[in-house]
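S.K.: If you scroll down you'll find the structure; I have some questions about it.
This is the structure in structure tokens:
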């Protein structure tokens, strides 16, 4: 037989007994000494009974009135030999105490209850809590005590024997101390022996929430070490070693970053392997977790000049993307084919190359399907004659129309009139020259030089005032003898060198071979004098290589056409480009105005200057990410409907971005911008995310309308469903426009799974 008391502080009341007796014997009342003694004895007896009641005594026969729970820490910080000894001790203590009820549990990141001490030996443990085993990389005393409280028999006195090293790495056991006291749980702790001082182990592997095949990602292996040591850390995906690193570990937590690409799409595994010097225990040096890898990003690259598509295509492919390159004529006219792609990239495509079907398909793809769209400019997308006022402009974060005066322009056409030009080629070229002249304003200057083996100044460089008279001279041009380009270009150079126009431009057209000469020196001199030269090669007999080089040396554009019927269109386009104030063809330094995730690990300060761009104006709600030194937007983005769009006002290839092609940040810049803009899995109208933050689940809900505005009709409701099917309603707190958050306390990673369900209006 034994007796126990719930509390001891009431015994302090017995200290007052001598004072009660003494006061009663010196009472001034008229009673006899005998009566005073009896009264004092009664008072003292009442006091003793009150103290006894407050002590809450319980008479026990052995342990028959107790419910005892033994909780053993089996985390990786505990010496394995001690675990075996502790199991033997628990079995012996339980047999000797013979309680009315007993339970045993093993814990680490989570807790498991068994019916006997020996049963702990068969509890499954692992370094990562896989397959609902106990996660040995975590010690959660709060989780263990919560499970212990549920294991007591409420009919008996509750006693918890907690065997641990006290190294709590998850949860907060102090939150349960009040509950233990309220429920009469007495906790007895026994210190556990920790494993060898030199132990190190892998805690976890951190990866981005969404990973695509071949996408460059950073995997962070979290390593805990008890001592400073050196180690080898390897990252393995589905039995393939991705990278191995030699690192120095400091006592405590260490993070080892790996920049890797995960090849296959679907569900697989990723593992961290650790080898550290003097590590006494190897069983916790392997950490494996499952990972879902999405398909490689699929990009439809629509390029206005297919010969230049290889630069961006090769860069995106090297960054792990599937790229389909087409010309504007192959752009789908319905949205269905576009659904196979995560992003459409339109580069240097003139607006008149797109029909209504193409435009509507792009609009629906972005607005209704959440597709990504990047518009890269170029000389074909200039000014208000192009995309200004179009439905493509509606999708983009920029306005193309800028109300500025046209540039002061001097234009000379150098036209081949050799005998091979006789017939439709020459007649169409004459009409093209007239069309170019018609586009000019009276403040612009125009000249025409024709040539066979000799140059002729058909129209001297002059203000474009007497257009009828100039047209008359153009009409009189007739074919001559052989072809010699050099003297004609030299004559044009001499004429333009005398001009003070802001923009001086030459359009050279020829259909034949010419005499050899030092064209590079001549055209380079023209370029140094801020005179640009574009060239048009007509037919298979034209000296295409030379004409292309002339355009390259002269910082102009090169055209090759089989059919002379395209000559008027080219002359008109060249004249428009030269005269538009929105087209800037000069070195421009880039300035980052807003840093975004797409710029991660890119040294944009080291980016070379661009050689040109289209002047635009950012829309009011657009986000300008990069701008020129004159504060014109170079890169801007915004949301359109369910999708995202971005506009890059320079080009992506070997004209304005020629120096970017050899910059080591070119591929990463474009691939990361594509990834941030492209379609997200499941669309973006409703964003419902659950993430672990410490020992809590953070649940975030946000929603937009199809037009990209914040939803105002949301009334979300949330409930959590535990492993045993119990349902717990949670309350949301609104933290911003159409954005709500809730929190829920969790155990350590690897504990019982939870399911979060969202419902409600909206």
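Residue numbers (the numbering used here): 42 to 803.
Glycine included, C-beta positions come from ideal geometry on N, C-alpha and C.
Output the residue ranges of the alpha helix (DSSP H) runs that lie fully inside the region 171-221 and measure 4 residues or longer, sorted by chain position.
M.R.: For the region 171-221, whole alpha helix (DSSP H) runs of length 4 or above, ordered along the chain, are 182-192.
S.K.: Please report whether the beta-carbon of residue 533 lies at a distance below 8 Å from any beta-carbon of chain D.
M.R.: Reference to chain D is not applicable here, since this structure consists of a single protein chain.
S.K.: Using a Cβ-Cβ cut-off of 6 Å (strictly less than) and excluding sequence neighbours within five positions of residue 533, which residues of its own chain qualify?
M.R.: Cβ neighbours of residue 533 beyond the five flanking positions: 453, 455, 490, 547.
S.K.: Can you list, in chain order, the residues of its chain with a C-beta nearer than 6 Å to that of residue 645? Leave out the 5 residues immediately preceding and following it.
M.R.: Closer than 6 Å at Cβ, skipping near neighbours: 633.
S.K.: Tell me the rounded alpha-carbon separation between residue 149 and residue 256.
M.R.: The alpha-carbon atoms of residue 149 and residue 256 are separated by roughly 35 Å.
S.K.: By the DSSP assignment, the beta strand (DSSP E) with residue 363 in it spans what residues?
M.R.: Residue 363 -> beta strand (DSSP E) spans 363-367.
S.K.: Among the candidates 506, 564, 486, 335, whose CA atom is the shortest distance from the CA of residue 543?
M.R.: It is 486.
S.K.: Can you grab the Cα-Cα spacing for the pair residue 274 / residue 317, in whole Å?
M.R.: Taking the straight line from one Cα to the other gives about 8 Å.
S.K.: Confirm, please, whether the CB-CB distance from residue 142 to residue 246 is below 8 Å.
M.R.: For residue 246 and residue 142, no; Cβs fall outside 8 Å.
S.K.: Beta carbon of residue 368, beta carbon of residue 304: below 8 Å?
M.R.: Not closer than 8 Å, so no.
S.K.: Check whether the region 183-198 touches the region 159-171, taking contact to mean three or more Cβ pairs, one atom from each stretch, closer than 8 Å.
M.R.: As far as the Cβ criterion goes, the region 183-198 does not touch the region 159-171, which means the pair count is below three.
S.K.: My output table needs one value for residue 88: the three-state DSSP class, helix, strand or coil.
M.R.: If DSSP states are grouped into helix, strand and coil, residue 88 belongs with the helices.
S.K.: By Cβ distance below 6 Å, which residues in the same chain neighbour residue 512 in space, the five residues on each side in sequence not counted?
M.R.: Hits under 6 Å: 475.
S.K.: Apart from the five residues just before and just after residue 60, which ones in its own chain have a Cβ nearer than 6 Å to its Cβ?
M.R.: Correct list: empty, nothing qualifies.
S.K.: Give every residue of the same chain whose Cβ lies closer than 8 Å to the Cβ of residue 52, excluding the five residues on either side of it in the sequence, and list them in chain order.
M.R.: These residues qualify, in order along the chain: 92, 96.
S.K.: Specify whether the region 557-569 and the region 583-596 touch according to this definition: at least 3 beta carbon pairs, one from each stretch, less than 8 Å apart.
M.R.: Touching, per the Cβ criterion.
S.K.: Apart from the five residues just before and just after residue 783, which ones in its own chain have a Cβ nearer than 6 Å to its Cβ?
M.R.: These residues qualify, in order along the chain: 740, 759, 771, 773.
S.K.: Considering only residues of the same chain and omitting the five flanking positions on each side of residue 713, which have a CB-CB separation below 6 Å?
M.R.: Only 639 meet the Cβ criterion.
S.K.: Just checking residue 686 against the ligand ADP - is the residue's beta carbon closer than 7 Å to any of the ligand's heavy atoms?
M.R.: The model depicted lacks the ligand ADP and carries no ligand whatsoever.
S.K.: Out of 660, 667, 695, state which residue places its alpha-carbon closest to the alpha-carbon of residue 681.
M.R.: Out of 660, 667, 695, 660 has the C-alpha closest to the C-alpha of residue 681.
S.K.: With 16 other CB atoms within 10 Å as the buried threshold, where does residue 552 fall?
M.R.: It is buried - the Cβ of residue 552 has at least 16 other Cβ atoms within 10 Å.
S.K.: For residue 585, name the three-state secondary structure that DSSP assigns.
M.R.: Of the three classes helix, strand and coil, the one that applies to residue 585 here is helix, per DSSP.
S.K.: So, with DSSP's three-state summary, where would you put residue 704?
M.R.: Residue 704: coil per DSSP, three-state reduction.
S.K.: What is the rounded straight-line gap between the Cα of residue 235 and the Cα of residue 258?
M.R.: Near 36 Å, if we compare the C-alpha coordinates of residue 258 and residue 235.
S.K.: Quick check on the DSSP output: what are the complete alpha helix (DSSP H) runs of length 4 or more inside the region 591-650, in order along the chain?
M.R.: Taking only runs of at least 4 residues, the alpha helix (DSSP H) segments lying wholly in the region 591-650 are 608-620.
S.K.: Do the region 395-415 and the region 427-435 meet, that is, are 3 or more Cβ pairs less than 8 Å apart?
M.R.: Verdict: yes, contact present.
S.K.: When you compare only the Cα positions, how much space is there between residue 48 and residue 128?
M.R.: Rounded to whole angstroms, residue 48 to residue 128 spans 31 Å at the Cα level.
S.K.: In whole angstroms, give me the CA-to-CA distance for residue 285 and residue 706.
M.R.: Taking the straight line from one Cα to the other gives about 25 Å.
S.K.: Can you list, in chain order, the residues of its chain with a C-beta nearer than 8 Å to that of residue 370? Leave out the 5 residues immediately preceding and following it.
M.R.: The residues are 394.
S.K.: Mind listing, in chain order, the continuous alpha helix (DSSP H) runs of no fewer than 4 residues lying wholly within the region 451-528?
M.R.: With a minimum length of 4 residues, the continuous alpha helix (DSSP H) runs that stay inside the region 451-528 are 465-480, 508-516.
S.K.: Excluding the 5 residues flanking residue 115 on each side, which residues of the same chain have their C-beta closer than 8 Å to its C-beta?
M.R.: Taken in chain order, the residues that qualify are 124, 147, 148, 149, 161, 164, 166, 175, 177.
S.K.: Which residue from 296, 277, 288, 240 puts its Cα closest to that of residue 263?
M.R.: Ranking the options by Cα distance to residue 263, first place goes to 296.
S.K.: Using 8 Å as the threshold, is the C-beta distance between residue 384 and residue 415 below it?
M.R.: Yes, the Cβ-Cβ distance between residue 384 and residue 415 is below 8 Å.
S.K.: What residues in its chain sit with their C-beta under 8 Å from that of residue 501, if we drop five residues either side in the sequence?
M.R.: Result list for residue 501: 488, 536, in chain order.
S.K.: Within the continuous beta strand (DSSP E) that includes residue 295, where are the two ends?
M.R.: It spans 293-302 - the beta strand (DSSP E) in which residue 295 sits, taken as one unbroken run.
S.K.: Please state whether DSSP places residue 106 in a helix, a strand or coil.
M.R.: Residue 106: coil per DSSP, three-state reduction.
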